[in-house]
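Visitor: Questions regarding the structure given below will be posed in turn.
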Amino acid sequence: HHRSGTIWEGRYRSSLIDPDYFLRCQRYIELNPVRAGFESNPQDSTWTSFASHIGGNAEPWLVDHQHFWKLGNTPFERQMTWAGFVKEGAPHWEDREITEALVRSKPWVSDIYAKSVFKDNPDQVLIRHRGRPKKLIPINSMT
-3 HHRSGTIWEG
7 RYRSSLIDPD
17 YFLRCQRYIE
27 LNPVRAGFES
37 NPQDSTWTSF
47 ASHIGGNAEP
57 WLVDHQHFWK
67 LGNTPFERQM
77 TWAGFVKEGA
87 PHWEDREITE
97 ALVRSKPWVS
107 DIYAKSVFKD
117 NPDQVLIRHR
127 GRPKKLIPIN
137 SMT
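Position 81, counted from 1, in the sequence shown is what this note's numbering calls 77; the numbers after and before it change by one each time, with no gaps.
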């Protein structure tokens, strides 16, 4: 697994996503076990909700996102659309963008969404380095 320690070890990571990008992020999650080599097919994974979303083991605790409901008028339509969307996979650039957004805790949003969300505080969009900011030492104190 190239890991050590517990599953919750390390820093908490999160990223604001554009609501229109939600299904792409869900696909990214559903394909993680395949990408990592744990499964050859996403429906074999017990770590994601893919099987439930395509009509398999319905989990009573699973509540589908409103964007998932827009995939079709009937459960069968939604299941077929979702299965096709996930199986077609994501372009490599999309996987890289999602991974970078998550690792760097930066927003993954469209320009339009960013302007609407951050219009009052554009500094929130800045990508900052981890940890405490470096102390600035006045030049005249170095002599």
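Even glycine gets a Cβ: it sits at the ideal position worked out from N, Cα and C.
With a threshold of 8 Å, are at least 3 pairs of Cβ atoms found where one atom belongs to the stretch 8 to 23 and the other to the stretch 91 to 102?
Guide: yes
Visitor: Please state the DSSP three-state secondary structure of Trp104.
Guide: Position 108 of the sequence shown, counted from the first residue, corresponds to residue 104. It is a strand residue.
Visitor: Spatial neighbours of Asp91 within its chain, please: C-beta separation below 8 Å, excluding the five flanking residues on both sides.
Guide: In the sequence shown, counting from the first residue as 1, residue 91 sits at position 95. These residues qualify, in order along the chain: Tyr24 and Arg31.
Visitor: Just grab the DSSP bridge partners of Ile13 for me.
Guide: Sequence index remark: in the sequence shown, residue 13 carries index 17 (1-based). Note: Ile13 sits in a beta bridge opposite Trp104.
Visitor: For Thr44, does the count of other Cβ atoms within 10 angstroms reach 16, so buried, or fall short, so exposed?
Guide: The residue given as residue 44 occupies position 48 in the sequence shown. The residue in question, Thr44, is buried, as its Cβ has 16 or more Cβ neighbours within 10 Å.
Visitor: Excluding the five sequence neighbours on either side, which residues of its own chain have a C-beta within less than 8 Å of the C-beta of Ser36, listed in chain order?
Guide: What you label residue 36 is simply residue 40 of the sequence shown in a count that begins at 1. Answer for Ser36: Val30, listed in chain order.
Visitor: Check for me: the alpha helix (DSSP H) holding Gly68 runs from which residue to which?
Guide: Taking the sequence shown and counting its residues from 1, one reaches residue 68 at position 72. First-last for Gly68: undefined, no H or E at that position.
Visitor: Less than 8 Å between the beta carbons of Leu19 and His63, yes or no?
Guide: In the sequence shown, counting from the first residue as 1, residue 19 sits at position 23. In the sequence shown, counting from the first residue as 1, residue 63 sits at position 67. Inclusion of Leu19 and His63 in the CB contact set at 8 Å is warranted, their separation being smaller than that value.
Visitor: So the alpha helix (DSSP H) Asn37 belongs to, where does it begin and stop?
Guide: Along the sequence shown, read from residue 1 onward, the residue named residue 37 stands at position 41. Where Asn37 is concerned, there is no enclosing alpha helix (DSSP H), given that its DSSP letter is neither H nor E.
Visitor: Report buried or exposed for Trp78, applying the criterion of at least 16 other Cβ atoms within 10 angstroms of its Cβ.
Guide: As a first step, residue 78 must be located in the sequence shown, where it is residue number 82. Flag for Trp78 reads buried.
Visitor: Classify Phe46: buried if its beta carbon has 16 or more other beta carbons within 10 angstroms, exposed otherwise.
Guide: Start at 1 with the first residue of the sequence shown, and residue 46 comes out as number 50. Residue environment: Phe46 is assigned as buried (16 or more neighbouring CB atoms within 10 Å of its CB, all protein chains considered).
Visitor: Taking the straight line between their C-alpha atoms, what separation do you get for Asp116 and Asp16?
Guide: Numbered from its first residue, the sequence shown carries residue 116 at position 120. Numbered from its first residue, the sequence shown carries residue 16 at position 20. Cα to Cα, the separation comes out at about 21 Å.
Visitor: Would you call Arg74 buried or exposed, if buried means 16 or more other Cβ atoms sit within 10 Å of its Cβ?
Guide: Your numbering for residue 74 matches position 78 in the sequence shown. Result: buried.
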